[in-house]
Amino acid sequence: GKNLRMLNPVRWFTFLVYLFPLFFAMAKANVDVAYRVITGRINPAIVKINPNLKNDLSLTILANSITLTPGTLSVDVDEKTNELYVHWINIDPEVLKHMPRDYHPICDSFPDWARRIAE
1 GKNLRMLNPV RWFTFLVYLF PLFFAMAKAN VDVAYRVITG RINPAIVKIN PNLKNDLSLT
61 ILANSITLTP GTLSVDVDEK TNELYVHWIN IDPEVLKHMP RDYHPICDSF PDWARRIAE
């Protein structure tokens, strides 16, 4: 049943496909962080995002994906609501107004991929 769902080869294939957008996001974030280091233009903050993920595995995939992406770090998770607290190197004040509903500026489509892989 539920414990065996990760043995499904379709989920493993989906995970392998997910590596491409993850690596692309990592490369893009590397360039952004390098720019911020050179110019000194940062506006760090810890933000709460609500990715609406239902299980621990999908939340773990998301948290690790965020942490692997330069400029972001998963700091904590609210186990009751499954909301993530993320340190972000450069937060736009306009984006901050829409948190935690709009998580795309921080983690792009990572929650959608985590949902496809683990839920």
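Numbering (full-length UniProt numbering) for the sequence shown: 1 to 119. Just so you know, even glycine gets a beta-carbon here, dropped at the ideal spot from N, CA and C. Remember, it's a predicted structure, so these values are computed and weren't measured experimentally.
To which residues does DSSP link K80 through a beta bridge?
Paired residue(s): none; K80 is not in a bridge.
Considering only C-alpha positions, which residue in the set R11, L57, L73, F20 is nearest to N82?
L57
Could you tell me the alpha carbon to alpha carbon distance between T14 and N8, rounded to whole angstroms?
10 Å
Test item: CB-CB of P111 and L53 under 9 Å:
yes
Minimum length 3: unbroken beta strand (DSSP E) runs contained in the segment 22-110
45-49, 72-78, 83-88
Which one of A29, P51, L16, G40 has the shortest CA to CA distance from R115?
P51
Would you call W88 buried or exposed, if buried means 16 or more other Cβ atoms sit within 10 Å of its Cβ?
buried
Report yes if the CB atom of A45 is closer than 9 Å to the CB atom of I91, and no otherwise.
yes
Rounded to the nearest angstrom, how far is the Cβ of T60 from that of I106, given a contact under 8 Å?
Contact flag wrong, Cβ pair sits at about 17 Å.
Taking the C-alpha atoms as reference points, what is the distance between E94 and V31?
22 Å
Taking 7 Å as the limit between beta carbons, can you name the residues of its chain near A25, skipping five residues before and five after?
T69, D108
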